[in-house]
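Asker:
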Amino acid sequence: MSTDRNGDGLYKDLTYKVIGVLYEVHNELGPVHKENIYHKAVAIELKNRNINFEEEKSLPVKYKDRKIGAYRPDFIIESKVILELKSVPMITKVMFDQIFYYVKGTNYKLVLLANFGTSKLTIKRRIYT
Numbered sequence: 405m406s407t408d409r410n411g412d413g414l415y416k417d418l419t420y421k422v423i424g425v426l427y428e429v430h431n432e433l434g435p436v437h438k439e440n441i442y443h444k445a446v447a448i449e450l451k452n453r454n455i456n457f458e459e460e461k462s463l464p465v466k467y468k469d470r471k472i473g474a475y476r477p478d479f480i481i482e483s484k485v486i487l488e489l490k491s492v493p494m495i496t497k498v499m500f501d502q503i504f505y506y507v508k509g510t511n512y513k514l515v516l517l518a519n520f521g522t523s524k525l526t527i528k529r530r531i532y533t
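The letter at position 117 of the sequence shown is residue 521 when you use the numbering used here, and the numbering goes up by one with no holes.
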């Protein structure tokens, strides 16, 4: 599985809408809150904009066709895009590893990783092929 950091065409309209939601929340709340506060605000804004989503949907981890665990990303948007939220001083390799684990073994290809923990909202868009 490789990473395409560009991949501008995949779900372009949808990711544009989601990024708009993220900026709206960051502009309203700023960088001073815990992740769960941003999570609730993003859910409200997604609903207000009629964007379908699931919160903390369980993504099973299997070994030889047996479920041995699960990952729970913050949001699955329109059954197409994984959205993971953070509120930390900086995004680290561990966080990129985390989103890789979310897509490994699933049909999801696009992940948005958003960090609200800095004065400027950081959004990383990764496509896994």
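Where is the CB? At the ideal position from N, CA and C, for every residue including glycine.
Taking all protein chains shown into account, do 16 or more other C-beta atoms lie within 10 angstroms of the C-beta of Asp-478, making it buried, or fewer, making it exposed?
Answerer: When all chains shown are included, Asp-478 counts as buried.
Asker: Less than 9 Å between the C-beta atoms of Tyr-427 and Ser-491, yes or no?
Answerer: Going by C-beta atoms, Tyr-427 is not nearer than 9 Å to Ser-491.
Asker: Of all the options Tyr-420, Val-422, Phe-457, Met-494, which has the alpha carbon lying nearest to the alpha carbon of Lys-524?
Answerer: Cα-wise, what sits closest to Lys-524 is Met-494.
Asker: Using three-state DSSP, classify Glu-449 as helix, strand or coil.
Answerer: Looking at Glu-449 - three-state DSSP - the assignment turns out to be helix.
Asker: Could you pull out every residue in the same chain whose Cβ sits closer than 6 Å to the Cβ of Ala-518, ignoring the five residues on either side in sequence?
Answerer: Excluding sequence neighbours, Ala-518 sits near Leu-426, Leu-489, Ile-527.
Asker: State yes or no: is the C-beta of Leu-514 within less than 9 Å of the C-beta of Tyr-415?
Answerer: Yes. Within cutoff.
Asker: Just how far apart, CA to CA, sit Tyr-532 and Tyr-512?
Answerer: Whole-angstrom Cα-Cα distance: 8 Å.
Asker: Do Phe-500 and Val-429 come within 9 Å of each other at the CB atom, strictly closer than that value?
Answerer: No, the Cβ-Cβ distance between Val-429 and Phe-500 is not below 9 Å.
Asker: Leaving out five residues on either side along the sequence, give the residues of the same chain with a beta carbon under 8 Å from the beta carbon of Ser-466.
Answerer: The amino acid occupying residue 466 in the given sequence is Lys; Ser does not appear at that position. So the list reads Ile-472, Gly-509, once near-sequence residues are dropped.
Asker: Does DSSP classify Gly-413 as helix, strand or coil?
Answerer: Note: Gly-413 maps to coil in three-state DSSP.
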